[in-house]
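Here's the structure, in structure tokens; my notes come after.
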Amino acid sequence: MPKPRLLFMGTPEFAVPSLKMLIDAGYPVVGVATQPDKPKGRGRRLQASPIKELAEENGLLVLQPERVRDDAFLQIFRGLNPDLVVVAAFGQILPVEILERPKLGCINVHPSLLPKYRGAAPLNWTLIRGEKTTGVTIMMMDAGVDTGDIILQEETTVGEGETCDCLHDRLAKMGANLLLKTIRQIEQGTATRTPQDHHQATFAPRLKKEDGRIDWGKDAVDIVNFIRGLSATPGAYTYLDGKVFRIFKAIAESGVVVEKRGAIGPPTQRGLPVAAGAGYVYLQNVQLEGKNRMGIQDFLRGYPFKSHARLG
């Protein structure tokens, strides 16, 4: 039996292992849809998505619709006539035709254990809320946002101190492996579908840069989880002497705090202590506005703190 013809839809680094896995497994990818090139950097030069780069390296047809709902794209979609659509962090809501026209359906690689953390930023919110476990779900897509039937899930433990960047890379690889297993089950007719319990759903809305400001009145553990969840994008930040001070890595210490919130203490081997609402946050990896990102000891060698300095 010939392998199903696939249309892959994805954009960022998270989707790269999934597309590579399908290419390496010999699946006929009839096209790759990804977001249009975006201006990046100081020069605002157009930059291709990671998925576009991978697709072009492998000689695949690349489609970059501004809106997948537009008839121009839908006509191309009808002509490609894929058996199965595979979606991994594409970045647009799909119309019903794309969801329902392929004979094998439309499946999605989602980095959470659905129905928990539906939405655009599941990785971030998993860490912000201090979850101890997470995972990957392959679901059959429907017209809702991450509401489709679950085909397969795989769970993993969140590492102590693990940041969003590290968790992202782990789940991207897990998702690719689980995707391949799912497609093989679909081919063999053995895939099962389990409806989600919508009463158990939680949500993970997109985070903007301005959402990253640290509230030093919160518990130290909550602040560190917040830093982990936003590292490195969109980034947790505070202010130091009127400049944006980004924090990428920190550890928490519970205890009674007598200093004002945001007060900076003497450096220790654990890092630079900052007083929180309850406990201390030890900064370990930072970046001051206009400077490079660096470990806290390197930063302290070049930045003399004033007495009674505070963040925020």
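Under this note's numbering, the very last position in the sequence shown is 313; numbers go up by exactly one each time.
Each residue gets a CB set at the ideal place from its N, CA and C atoms; glycine is no exception.
Shown here, residue 14 sits in a helix according to DSSP, grouped into three states. Three or more Cβ pairs closer than 8 Å define a contact, and the region 15 to 28 meets that threshold against the region 80 to 90. With a beta-carbon spacing of about 6 Å, residue 159 and residue 132 fall inside the 8 Å limit used to define contacts. Between residue 246 and residue 129, the CB-CB gap reaches or exceeds 8 Å.
Note: residue 252 is bridge-paired with 283 in the DSSP secondary-structure output. Residue 27 and residue 59 have their C-alpha atoms spaced approximately 12 Å apart.
Judged by DSSP secondary structure, residue 65 falls outside any alpha helix (DSSP H); it is assigned neither H nor E. When the Cα atoms are used, residue 19 and residue 274 turn out to be separated by approximately 41 Å.
Taking C-alpha positions only, residue 71 is separated from residue 95 by approximately 11 Å. Here residue 278 is not near residue 125, since their CB atoms are 8 Å or more apart. Pairing residue 240 with residue 313 gives a Cβ-Cβ distance under 8 Å. Counting every other CB atom within 10 Å of its CB across the protein chains shown gives residue 35 a total of 16 or more, marking it as buried. Excluding the 5 residues flanking it on each side, residue 181 has same chain C-beta neighbours closer than 8 Å at 22, 23 and 26, in chain order. For residue 305, the closest of 207, 267 and 189 by C-alpha to C-alpha distance is 267. Here DSSP, grouped into helix, strand and coil, assigns residue 170 to helix. Residue pairing of residue 203 in beta bridges, as defined by DSSP: absent, with no partner found.
When the beta-carbon positions are compared, residue 62 and residue 5 stay at least 8 Å from each other. Counting C-beta atoms within 10 angstroms of its own C-beta, residue 172 has 16 or more neighbours from the protein chains shown and is therefore classed as buried.
Each of 188, 156 and 185 was checked against the Cα of residue 174, and the nearest Cα belongs to 156. DSSP places residue 29 outside both helix and strand once states are collapsed to three, so it counts as coil. Looking at 142, 118, 69 and 81, the one whose alpha-carbon comes closest to that of residue 106 is 142.
CA-CA distance, residue 212 to residue 161, rounds to 24 Å. Checking the DSSP bridge columns, you'll see residue 240 partnered with 245. The C-alpha of residue 291 lies about 18 Å from the C-alpha of residue 298. In this structure, 289 is the residue among 269, 222, 289 and 224 with its C-alpha nearest to the C-alpha of residue 243. Secondary structure of residue 175 (DSSP, three-state): helix. The beta carbon of residue 188 is closer than 8 Å to those of 2, 4 and 5 in its chain, skipping five residues each way along the sequence. Within the same chain, Cβ atoms closer than 6 Å to the Cβ of residue 204 are found at 119 and 120, the five residues on either side in sequence being excluded.
For the pair residue 39 and residue 199, the Cα-to-Cα distance works out to about 35 Å. The closest CA to that of residue 153, considering only 101, 260 and 192, is found on 192.
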